[in-house]
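K.L.:
Handing you this structure, nothing more for now.
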Amino acid sequence: MGCTLLIRSAGHGPYVGEPTLPTLDYDTEGAFNRGSLCGCGNLSLELCSHPRRFESPRMRDAAGVLQEVTWSKALDEIAARLGAIRRESGPGSVGLWLAPSLSNEDAERVARFARLLDVPNVDSGLPEDQALLGGIERAGVSVERVERIEQLAGATAMLCVGDVLTLAPCLAKPVLDARYDRRQNLLGTLAGARSRTTWFGKPDLRCAPGGETAALALMLHVALLGGHGRGVPWRQSALDGLDAIGIATLERAAALRRDAVASLVDALAERPGTAILIGVGFADRARPDLAAGLAAMLAAVTDSRLLAVPQGANAVGVRRALRAEGYPDRAGLTGPEMLEAALTGELRALLLFGLDPIAATPGHLARSALGRLDLLVAADVLPNRATHRADFVLPACVAGEKHGHFTNAFGADLELGVALRPPGEARTEAFLIGELERRMLGGAAIRRVPEPEQRPGALEQKSGGGLFADLDLFLRLQEREHTGREVGTHLLLGRADPAQSGDGSWTRHLSWPQHDTPRPEVSLAVEDAAELGVRTGDQVRLRSPGAEVVLAVRTEPRLPRHVVLAPGSEPGVRDLLRWRLDPALRQIALDPVRVSVERVDGGQP
Amino acid sequence: MTSAISERKVTKRIVLDLDRCTGCRACGAACHVGHHGQTNLVPGVVADAAVLPVHCRHCEHAACVEACPTGALYREEHGFVRRAEVLCIGCRSCSFACPFGAIGDEFVRHVSPKCDLCVDRVVAGGVPRCVASCTSGALSFVELEETVGTPEYVGGRIRSRGTTRRA
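Protein sequences appear in the order of chains A and B.
Convert by adding 219 to the 1-based position in the first sequence; the result is the number in the numbering used here.
Convert by adding 561 to the 1-based position in the second sequence; the result is the number in the numbering used here.
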């Protein structure tokens, strides 16, 4: 199973089963969490037995209908069309985008294939994960990482940023041990009000929804003003950057007072073995890189260990595998850049490995971009909006159906064996790439691949100053948009959903979530709701030029006036959101969007 | 009849620690997978605050067994209350009779879900799948004597210490 953190270290025993009826034997004597199955493991079980799995290759015919074909026919056609595009428009017109769920070996194989074809455009992962991991690198601070789960279990003070327990349920035991083992233990959480992680946090640390980044900056400022982190070389520049923003601005944006965070900051700095955990999943999705950079700086100042928890099961491993092959570099494009290039016609062919760009990026852009491509190949397990538009759909395997290594969030490589037979004609990415290599390169694939060029780390910028300038701009933008709004408009922020991928909410295959998954809701300030004449449970329509969505209302006491929070993964909300490319990270940054909010009388969302 | 039941009563119970349940639903997923696509564990929805698993207590005097008109529910040799699926006519009498709401009224495969305490694992010395899969350590499988008369344990749950604050 593709557990992000532990996999076999969790103590899972041997798997026994048939493809359609998998059963799992739990080893309750397992080293770390006594045989727990994390969300990723459950997701794999859902996927491997899902009735809508792709079981054979499909090719779009002249009438535009996807028809089942043999692997041989599909691969011959893909190789011919990919080769023709490469000859006509050059290798730069081809792109490959990998899901963070691929094994390290599969990612290396794809990257090597791209390098053999001289294709520069290879990217991996979800844009939010890339921003999170890139933000820590960009901060350029030296911080000790959490390398083993036991280091968390002994922590007496901990800060969780984002919905860490939803992203990585396997962390629940050490985090809750740190919460309950001793009376004076402290667990602070900065996450959405309804997230699973927030339930266990210190209540007076609850910031305004969307104010998590400001809250982290406030904690960093309080730590520096309190005299912590005297050994860090960038202490004065950070203080100057934060002073320029002003502690009052941070307090206002976070809806937190400095004395509310002081006890946790002091505990993090003064107690031994403290930790800061950060993952996506907080209400403020606009700039996870800023939050990640600030968390890294706070960890350095308070001498705490840092753990980044990405959303993708193998985000760290795939990212590392691509970097070993020299990707991404300045000559190539990142995933969001590939979408923009597709719109301008510079990119003509895109191969997707388990990733749906329409779901991974907000707004209309991905949908339009995929429609402009001359060749779209999607290797995936279940239908999604990318496979719906693809010229070729190739049935792929999930973790447990293929052998490979996965890198957990602690940076350890873990081997995963084959436990289940893939359904129908589903094949691994290694098979697909191997066959394409054979068809397109013949003997060339066998020759020794030259070592990748040593390129400067494009994403690494050793400057905390840039981070504070961005933070200042980010807060000013939100405040300006907020205060300078037109009458009747609200500021829309995309909220991360509390649903975890492995609990059945993703595929709706398990029977529990079919009747207890809450319907999508929009959060409104209590005063705004009163002004509109709506209460929790009523419906409102959010409208911006070109898009609208009807959602149920939930009133949120701590939400600032004229700000609305809606689930960013909801297709209608995603259409309302807008993004732009951040030039430093070369990943997406969400811009606040003005929407009108109207009461809907009758009808269901 | 009563003495026969008490002689064979279940010696272990599933207990839920309210302070540690994150509502991740891994228990439901494990139950679903372990029972060939039928989730026998019923979700207890606590307003908007939480979704908690509701387990069958395998009562000494089981109301569901008494209510079943066809004898589909019975107590087997190890003391577990089980269902003979071929005898179940889907009348929902058991669901109405259960005082804990542990038998759902949603039909799967023409029978309503009923926890069998993963008898296949328990008789082999293991623990139920939901306990084994619990990510936060909230579920435990403990001897009955440890729970009866202990103030910490109430109705199959470890009483909240009042430190968990739900949003």
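The C-beta atom is built at its ideal place from N, Cα and C for all residues, glycine as well.
Predicted model, so just to flag it, every value in this text is computed and none were measured.
(1) If B/L678 sits next to B/C617, beta carbons under 8 Å apart, how far is it from one beta carbon to the other, in whole angstroms?
(2) Quick one: which unbroken beta strand (DSSP E) runs of 3-plus residues sit fully inside the segment 328-404 of chain A? Chain order, please.
(3) Output, in chain order, the set of chain B residues within a Cβ distance shorter than 8 Å of A/P388.
(4) Quick one: measure Cβ to Cβ for A/A568 and A/I304, integer angstroms, because I've assumed they're closer than 8 Å.
(5) Quick one: residues in its chain with C-beta nearer than 7 Å to the C-beta of B/G530, no 5 flanking neighbours on either side, listed in chain order?
(6) Below 6 Å CB to CB, which residues in the same chain sit around B/R581 once its five sequence neighbours on both sides are set aside?
(7) Could you check the C-alpha separation between A/R367 and A/A391 for me, to the nearest Å?
(8) When DSSP builds the beta bridges, which residues end up paired with A/W290?
(9) Name, please, each residue of chain B whose Cβ falls closer than 8 Å to the Cβ of A/R415.
(10) Under 9 Å, Cβ to Cβ, is there at least one residue of chain B near A/F629?
(11) How would you write the range of the alpha helix (DSSP H) that B/F657 sits in, first residue to last?
(12) Out of A/S361, A/D599, A/D610, state which residue places its alpha-carbon closest to the alpha-carbon of A/A519.
(13) Using the Cα positions of A/G465 and A/R490, report the straight-line distance between them to the nearest angstrom.
(14) Of the residues that make up the segment 615-641 of chain A, which ones have a beta carbon closer than 7 Å to any beta carbon in chain B?
(15) Which residues in the same chain have their Cβ closer than 6 Å to the Cβ of A/G216, if we skip the five residues on either side of it in sequence?
(16) For a contact defined as C-beta to C-beta under 9 Å, what are the partners of A/L405 on chain B?
(17) Output needed for A/A472: all residues of its chain with C-beta closer than 6 Å, excluding positions within five of it in sequence on either side, in chain order.
(18) Judging by CA-CA distance, which residue of A/Y399, A/H622, A/T417, A/A598 is the nearest neighbour of A/G407?
(19) Please confirm whether A/V768 and A/E789 have their CB atoms less than 9 Å apart.
(20) Residues of chain B with CB under 7 Å from A/L743, in chain order?
(21) In this structure, does DSSP put A/Q806 in helix, strand or coil?
(22) Can you tell which of A/D801, A/L315, A/G531, A/V484 has the C-alpha that lies nearest to the C-alpha of A/L405?
(23) Under a CB-based cut-off of 9 Å, is B/G651 close to chain A?
(24) By DSSP, does A/A688 sit in helix, in strand, or in coil?
(25) Let me make sure I understand the geometry here. Which of A/A333, A/F687, A/P779 has the alpha-carbon closest to that of A/D747?
(26) Just verifying my parser: in three-state terms, what is the DSSP assignment at A/I495?
(27) Residue range of the alpha helix (DSSP H) that B/L678 falls in?
(28) Within 10 Å of its beta-carbon, does A/H447 have 16 or more other beta-carbons around it, so buried, or fewer, so exposed?
(29) If you pair each beta-carbon of the segment 328-348 of chain A with each one of the segment 584-601 of chain A, do three or more pairs fall below 8 Å?
(30) Using alpha carbons as the reference points, say which of A/R760, A/Q530, A/P802 lies closest to A/L686.
(31) Measuring straight from C-alpha to C-alpha, what distance separates A/L566 and A/L592?
(32) Here's the rule: buried if 16 or more other CB atoms are within 10 angstroms of the residue's CB, otherwise exposed. What is B/V709?
(33) How about B/V684: is its C-beta nearer than 9 Å to some C-beta of chain A?
(34) Hey, would you say A/F332 sits closer than 9 Å to A/P602, going by beta carbons?
(35) Name the chain B residues whose beta carbon is nearer than 8 Å to that of A/L655?
P.N.:
In short:
(1) 7 Å
(2) 340-343, 376-380
(3) T583, C585, A587, T696, S697
(4) 5 Å
(5) Nothing about residue 530 of chain B can be read from this structure; chain B reaches only from 562 to 728.
(6) S697, G698, A699
(7) 14 Å
(8) Answer by DSSP bridge pairing: none, since A/W290 is not bridged.
(9) T583, G584, C585
(10) no
(11) 654-658
(12) A/S361
(13) 28 Å
(14) none
(15) The requested residue 216 of chain A is not part of the displayed model; chain A covers only 220 to 824.
(16) Here the premise fails: no neighbours, minimum Cβ distance about 12 Å.
(17) G430, A433, L694
(18) A/T417
(19) yes
(20) In chain order: nothing, as chain B lies at least about 15 Å away.
(21) strand
(22) A/V484
(23) no
(24) helix
(25) A/P779
(26) strand
(27) It is not in any alpha helix (DSSP H) - B/L678 carries neither H nor E in the DSSP assignment.
(28) buried
(29) no
(30) A/P802
(31) 7 Å
(32) exposed
(33) no
(34) no
(35) None at all; the shortest Cβ gap to chain B is about 35 Å.
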